[in-house]
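Encoded as structure tokens, the structure appears first; notes follow it.
Printed below as a string of structure tokens:
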């Protein structure tokens, strides 16, 4: 992998953000954006246990989904409060993602401010919470709706690996899915370049997020996340300005995903082998172009 550090600023004006990062489709971290929010000091484990601890949530383990598995299928369910108590005790590879805590506790929406001065198109009905225990992993993928993301970390540290959408074939993207065939877990110590050699050519970024850091992920960016400590984050999503960008998200959600799920149910072995062959075909083409 050919990686560089994500640009990081304590403060960044909306004008600079738009000209250098939003319009350029480049990730950036703004450290002080969330510090003016009540949530910065208010949101913690005990606070969430108190207000929504009785709600049942889907939990996900670190096992990488195979090509037979429909995406976003939970590995189990438990009370949110029980889960939060569990992750506080020590390493646990369970995580929660796309949890709309605000549906259950709408009053906490006032604990943060939508940063409309930075970008338009926020989907304000769906701010989402992401929680993980120490050691939990979010495997390499891009967000299916192709939205821009402002991802703010609360409590704990998280390592993030990022690549532009255009690097998809070097990353071994599974056709008809948003996932990579390769496993990037602890990529910084040992990655399987023998079986996935095109990843050596992939140009991307890495960063470690800490409490209060807000990461801008442009639409379609691939990302792999590892929880260095138990922690949680909130994502604010904004639709792309262009009609083409919006239509790509709609296609992914209602066309691509439904076709893939149907094929996994009707011809799983044939579909798996066909997609696997295409993964390596595209990666080998990327390798040939680099020679």
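Residue numbers (full-length UniProt numbering): 1 to 291. The beta carbon of each residue, even a glycine, is placed where N, CA and C say it ideally should be.
- By the neighbour-count definition (other C-beta atoms within 10 Å, threshold 16), residue 77 is an exposed residue.
- DSSP places residue 141 within a strand segment (E or B) once states are collapsed to three.
- For the 8 Å CB-CB criterion, residue 205 and residue 59 do not form a contact.
- Taken through DSSP and simplified to helix, strand or coil, residue 158 comes out as strand.
- Comparing alpha-carbon positions, the option among 247, 156, 281 lying closest to residue 173 turns out to be 281.
- Under the DSSP assignment, residue 226 falls outside any alpha helix (DSSP H), being part of the beta strand (DSSP E) whose first and last residues are 222 to 227.
- One alpha carbon belongs to residue 277, the other to residue 61, and they sit about 27 Å apart.
- Beta-bridge analysis with DSSP links residue 30 to 9, 214.
- Counting every other CB atom within 10 Å of its CB across the protein chains shown gives residue 176 a total of 16 or more, marking it as buried.
- Residue burial annotation: residue 54 is exposed, with fewer than 16 other C-beta atoms found within 10 angstroms of its C-beta.
- Per DSSP, the continuous alpha helix (DSSP H) segment holding residue 244 begins and ends at 243 to 251.
- Between residue 221 and residue 267, the alpha-carbon positions lie close to 30 Å from each other.
- If you draw a 10 Å sphere on the C-beta of residue 83, you find 16 or more other C-beta atoms in it, and that means buried.
- Put simply, of 146, 132, 137, 141 the residue whose alpha carbon is nearest the alpha carbon of residue 121 is 146.
- Here residue 78 is bridged, per DSSP, to 57.
- Remark: fewer than three beta-carbon pairs, one from each stretch, lie closer than 8 Å, so the region 195 to 202 and the region 118 to 137 are not flagged as touching.
- Distance check between residue 132 and each of 230, 20, 2 places 230 closest, using alpha-carbon atoms only.
- Sixteen is the threshold: since fewer than 16 other Cβ atoms of the shown chains lie within 10 Å of the Cβ of residue 36, the residue is exposed.
- Using a Cβ-Cβ distance cut-off of 8 Å, the region 206 to 217 and the region 26 to 33 are in contact, since at least three pairs of beta carbons, one from each stretch, lie closer than that value.
- Inclusion of residue 238 and residue 123 in the CB contact set at 8 Å is warranted, their separation being smaller than that value.
- A straight line joining the alpha-carbon of residue 208 with that of residue 105 spans about 29 Å.
- With 16 or more other Cβ atoms inside 10 Å of its own Cβ, residue 152 counts as buried.
- DSSP places residue 153 in the strand class (E or B) of the three-state scheme.
- Bounds of the beta strand (DSSP E) holding residue 208 are 203 to 209.
- In this structure, the beta-carbon distance from residue 141 to residue 179 falls below 8 Å.
- Taking the C-beta atoms as reference points, residue 219 is found no nearer than 8 Å to residue 167.
- In this model, residue 56 and residue 101 are separated by some 11 Å (Cα to Cα).
- Here residue 14 is exposed, its C-beta having fewer than 16 other C-beta atoms within 10 Å.
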